[in-house]
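Asks: Everything in the sequence shown is counted per my numbering, starting at 16 for the first residue and increasing by one. A virtual CB, placed ideally from N, CA and C, is assigned to each residue, including glycine.
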Amino acid sequence: MKIGKLLIAAGAIILGVIIGITYMHYTAADYMDEEEVRAIVQDRYQGDISNVSLGSGDEYFVVSVDDGEYLYEITINRAEGRVVDVTSSENPDYEEETIEENGDEQHAEDDPGEPAESVPDEGPDLMPAEEARDIAMEEVGGLFLHSTLNTDVNPSEYLIANLIDGDDEGAIVSINAVNGSVNKVIFLDIEFDEIGDLETFMRQVAESNAQNQNYYIEYDWDDDWDDD
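#1: Give the single residue among Asp212, Asp204 and Gln219 whose Cα lies nearest to the Cα of Ser189.
#2: Let me confirm a value: Gly185 is counted as buried when at least 16 other C-beta atoms fall within 10 Å, else exposed. Which label applies?
#3: If you run the structure through DSSP and keep just helix, strand and coil, what is Gly72?
#4: Leaving out five residues on either side along the sequence, give the residues of the same chain with a beta carbon under 6 Å from the beta carbon of Ile91.
#5: Give me the residue from Met152, Arg148, Glu154 and Glu153 with the minimum Cα distance to Ser162.
#6: In this structure, does DSSP put Ile150 in helix, strand or coil?
#7: Assign Pro130 to one of three DSSP states: helix, strand, or coil.
#8: Go ahead and pull the three-state DSSP assignment for Leu164.
#9: DSSP state of Leu213, grouped into three classes?
#10: In terms of residues, what are the limits of the beta strand (DSSP E) holding Glu105?
#11: Would the beta-carbon of Asp63 fall within 8 Å of that of Asp48?
#12: Counting along the chain, where does the beta strand (DSSP E) carrying Gly185 start and finish?
#13: On a Cα-Cα basis, can you pick out the residue from Leu160, Asp73, Leu69 and Met142 that is closest to Asp58?
#14: Is it true that the CB of Ala192 sits closer than 8 Å to the CB of Ser223?
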């Protein structure tokens with residue numbers, strides 16, 4: 016009788032182990048790997064990926080991104096491929112790098128034997144993209160996502176996308192690229208991680224609202240974007 020009970024108990028333990036291993040294998044197969052998570056970040060965010068690490072419980076990847084001026088920590092759910100958190104901080108090395116570059120350029124100008132290398136710019140009448148990003152940050156706050164220069168309008172405009180609240184509310188700020196004035200602010204209630212080509216989306220939103228004279232605009236992206 017005791018032997019029978021022991022066999023039953025042993026069988027239950029073995030069955031539990033088999034079920035646990037099967038579940039762990041199935042769950043792991045559903046999780047995104049590092050390469051897939053890197054592809055998501057590279058598609059949706061500017062900057063260079065400096066590190067990818069697993070979060071607690073291996074359910075999340077934490078991706079470190081350096082875009083020069085800012086450092087970002089992007090947390091992605093491995094099972095859903097969804098961005099669940101984005102934090103940012105100023106890059107302490109950014110100003111030092113700028114000073115070093117300026118010093119190199121000055122040195123080249125002072126040396127008559129080596130003419131300074133010609134560095135292309137965005138045009139003599141256009142403000143720097145970094146300044147446009149700062150203007151957008153003052154206007155709507157949040158976290159910077161992407162910027163693009165739209166030369167299809169006159170005067171040219173910078174389009175700056177900022178994530179304002181979580182991962183489902185953002186704004187696209189249109190800024191006059193010549194004098195830095197804000198043309199309009201387009202607010203969106205949107206899942207940014209569902210947009211593969213953010214730059215194309217930004218340009219489409221700007222084009223759809225080009226004739227709208229309001230300063231603040233609430234834009235419903237579903238109708239236009241889903242029709243493409």
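Replies: In short, the structure shows the following:
#1: The residue you call residue 189 lines up with position 174 of the sequence shown. Answer by Cα proximity: Gln219.
#2: Residue 185 sits at position 170 when you count from the first residue of the sequence shown. Around the beta-carbon of Gly185, 16 or more other beta-carbon atoms lie within 10 Å, marking it buried.
#3: Counted from its first residue, the sequence shown places residue 72 at position 57. Note: Gly72 maps to helix in three-state DSSP.
#4: Walking along the sequence shown from the start, residue 91 turns up at place 76. If we look at Ile91 and ignore the five residues flanking it on each side, its Cβ neighbours are Val52, Phe76 and Val98.
#5: Residue mapping note: residue 162 aligns to position 147 of the sequence shown, counting from 1. Nearest option by C-alpha distance: Arg148.
#6: By 1-based counting over the sequence shown, the position of residue 150 is 135. Ile150 falls in the helix class under three-state DSSP.
#7: As a first step, residue 130 must be located in the sequence shown, where it is residue number 115. Only weak support exists for where Pro130 lies, its pLDDT of 47 falling under 50; the value from the coordinates is given anyway. If DSSP states are grouped into helix, strand and coil, Pro130 belongs with coil.
#8: Position 149 of the sequence shown, counted from the first residue, corresponds to residue 164. In the structure shown, Leu164 sits in a strand (DSSP, three-state: E or B).
#9: Counting from 1 along the sequence shown, the entry for residue 213 is found at position 198. In the three-state reduction of the DSSP assignment, Leu213 falls in the helix class, which pools H, G and I.
#10: Taking the first residue of the sequence shown as position 1, residue 105 is located at position 90. Note, Glu105: beta strand (DSSP E), Arg97 to Glu105.
#11: Here residue 63 refers to the residue found at position 48 of the sequence shown. Here residue 48 refers to the residue found at position 33 of the sequence shown. Not closer than 8 Å, so no.
#12: For the purposes of this step, residue 185 is taken as the residue at position 170 of the sequence shown. Glu184 to Asn191 is the span of the beta strand (DSSP E), which, as asked, contains Gly185.
#13: Counting from one through the sequence shown, the residue named residue 58 turns up at place 43. Of the candidates Leu160, Asp73, Leu69 and Met142, the one whose C-alpha sits nearest the C-alpha of Asp58 is Leu160.
#14: Residue mapping note: residue 223 aligns to position 208 of the sequence shown, counting from 1. Residue mapping note: residue 192 aligns to position 177 of the sequence shown, counting from 1. No, they are not a contact pair.
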